Structures are given as structure tokens and as C-alpha cells.
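First up is the structure itself, then whatever we jot down about it.
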Amino acid sequence: MLTVPMARASAATIEPTKATIVLVHGALAGSSSWDGVISRLQADGYMVIAAADPLRSLKGDSDYVSGIVKNIKGPVVLVGHSYGGSIITDATTGADNVKALVYVAAYAPDAGESAFDLTGKFPGSILPDALAPPIALADGAHDLYVQQSKFRPVFAADVAEKQVALMAVTQRPVTDVALKGVSGAPAWKSIPSWFVYGSADKVIPPAVHAFMAQRAGAKDTIVVRGASHVVMISHPSVVANLIEKAAAAAAK
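Residue numbering for the sequence shown follows the numbering used here, beginning at 8 and increasing consecutively.
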């Protein structure tokens, strides 16, 4: 009787598990700001989670994202936009599965630094002059918004006016406490990082982005010519491709 041995798949033919992508939006934005990036990542077979962070305090927001990450099996790529960069810098404590960090027009603070500090490190931000009068909260903090009439030139000069009008109305407030919250030991000192930002960013000056990327020893830094602060909305393919590059490295 002829027997046929059972086929065995060699380790070399088994595709490595893809990393889960966790996207963290920034201040004055929401998870929908990642829509263009999400659709591209999903089309390429990635599991994506867009965290709706509270925007109340750096520690509280970081703990919230950390809780999400700790419940994911397998490698994770943490991606942050703007203030979301501060969150992913602090959210890896106790989350050993984070294998890569991607900063999308984002803050990458060192220990003791805040988003507020980094915004003014080099000239070029027009955000402070565009803020609406702060709204006092019961706990002594203040909610911050951008004046709707100034939202487009500050945040999204390269996005269609009709879309920006909706973004200005639906912006989510961030507290002054969150933006002034100081970072702990930065994750980028021990986890590989990738950076992408626009040359026309009016929230975080390009000189600040370049400084942070160099300091973090970024694996790759992409500067999108003429892109605004919301580079993930105006250039979603560029951002998605960089995230996938980081994810490929994380899966090795």
C-alpha cells in the first residue's frame, strides 16, 4: 500500500503575522481624521484600531491608549498625529508588544517636555494666535478650540474648503492641562520610529519636526512638500505607505 506523507509547511513559507496598527488622533480632531489611511491599510490586510483618546490629560490619555494596546495579541505599531505623538511616546509602559512608532506631524517629546514647550521651540507656529477664548472647566482646566474662521490656514490649508468647514465645526477640544503635560521616559529611545510631516505645517514648525526626528534617530523621515498639519488627510497614501514600512519592520 502506497502511503503519501503529510505535507509540512516549512517555517520559510509561513507568512509572518502582520502587526496591528493603532492610530491615535491629535487635539482638535477625531478618529475620522484617519479615514483615508484606514481604508488603505485595511485593503492591504492590516487590522486597524483608531483610538478615540479623551484629550483630557497626557497621563490619562496615555493610560487609555496603553490599555488598548495591552489587550492586543501580537506586534503593534503605534501611530500618533500631533498631540497623539505625545500619547504614543508615553503609552508603551507595560506594553511590550509595541514594536514601532510612527509620528505623523506629531510631537515626540523627551522626558520633561510638553507639546506646549515643543510648539515654541522654533518660530513658525500660528496656532496660539488662532485659538478661541478658552472655556473654563470645573476642575480648573480649560478647553481649547481654534476659531472656525482660522481653522483652515492653521490646520488644513491643503484640504478642500468644504471638508475643512466640517472639520472646523466638529473639532474636539483639548485641555490646556493635556498640552502642558510633561512626558516621562520616551518610548522612541528604545523603540524604532518613523516620521512624516508637511513642509507647510503651521501648527508644529517644520524645524521642530526635523529636530525631533533627528533626536529620535528615526529610521526614515518623509517631508511632504506643501503639506499642512493634517498630512494624513491630504496625503493618505504617503502616510499609509510609511506605516506599512514600519509594520513590515515590526513583523521581522
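Note that CB positions come from ideal geometry on N, CA and C, so glycine has one too. This structure is a prediction, so every number in the text was calculated from the model and none was measured.
Cβ neighbour criterion (16 or more within 10 Å) applied to residue i
| i | result |
| --- | --- |
| T27 | buried |
| E251 | buried |
| D146 | exposed |
| E22 | Here the model assigns E22 a pLDDT of 43, short of 50, so the residue's position is not dependable, and the following value carries that caveat. So E22 ends up on the exposed side. |
| D208 | buried |
| S244 | exposed |
| I211 | buried |
| K1 | The structure shown has nothing for residue 1, since the chain only spans 8 to 259. |
| K259 | exposed |
| R159 | buried |
| P116 | buried |
| G92 | buried |
| T96 | buried |
| T99 | buried |
| A167 | exposed |
| G87 | buried |
| A18 | The pLDDT assigned to A18 is 33, lower than 50, so where the model puts this residue is not dependable; a value taken from the coordinates is nonetheless given after this. Looking at its Cβ environment, which holds fewer than 16 other Cβ atoms inside 10 Å, A18 is exposed. |
| K25 | buried |
| L125 | buried |
| L249 | buried |
8 Å Cβ cutoff met for residue i and residue j
| i | j | result |
| --- | --- | --- |
| G43 | I240 | yes |
| S197 | R232 | no |
| A34 | L65 | no |
| A102 | K77 | yes |
| I133 | V161 | yes |
| A234 | D165 | yes |
| F123 | K226 | no |
| A336 | V72 | The chain is shown from 8 up to 259; residue 336 falls before or after that span and cannot be answered. |
| Y53 | A254 | yes |
| V298 | A163 | No statement about residue 298 is possible, as the shown extent of the chain runs from 8 to 259 and does not include it. |
Closest residue to residue i among the options (Cα-Cα distance)
| i | options | result |
| --- | --- | --- |
| I155 | P140, Y204, H149, G92 | Checking the sequence shown, residue 155 turns out to be Gln, not Ile. Selected option, being the one with the closest Cα: P140. |
| D150 | P180, A137, A122 | P180 |
| V31 | S89, A220, A217, M219 | S89 |
| I56 | I75, R63, G67, E120 | I75 |
| V29 | A36, S93, V109, D70 | V109 |
| D70 | A185, A148, K128 | A185 |
| V215 | A36, A112, V238, V83 | A112 |
| G67 | I94, N104, V246, M174 | I94 |
| A257 | A220, V105, M54 | V105 |
| H236 | R222, E120, P213 | P213 |
| R222 | Y114, A253, P130 | Y114 |
| A107 | V84, F218, E120, V171 | V84 |
Residue(s) in a DSSP beta bridge with residue i
| i | result |
| --- | --- |
| W195 | For W195, which the question treats as bridged, DSSP gives no partner whatsoever. |
| D150 | I142, T182 |
| H88 | V111 |
| G205 | V231 |
| I56 | V29 |
| S200 | L108 |
| V210 | In DSSP, V210 forms no bridge with anything. |
| V83 | T27, V105 |
Any non-hydrogen atom of the ligand HEM within 7 Å of residue i CB
| i | result |
| --- | --- |
| I142 | In the structure shown, the ligand HEM is absent, as is every other ligand, since no ligand is present at all. |
Closer than 8 Å to chain C by CB, residue i
| i | result |
| --- | --- |
| D117 | This model lacks chain C altogether; it includes just one protein chain. |
Point to revise | Given 8 Å, three or more beta-carbon pairs between the stretch 125 to 137 and the stretch 193 to 203 | key: no
Check your understanding: Per the contact definition of three or more C-beta pairs closer than 8 Å, is the stretch 183 to 195 in contact with the stretch 36 to 55?
Key -> no
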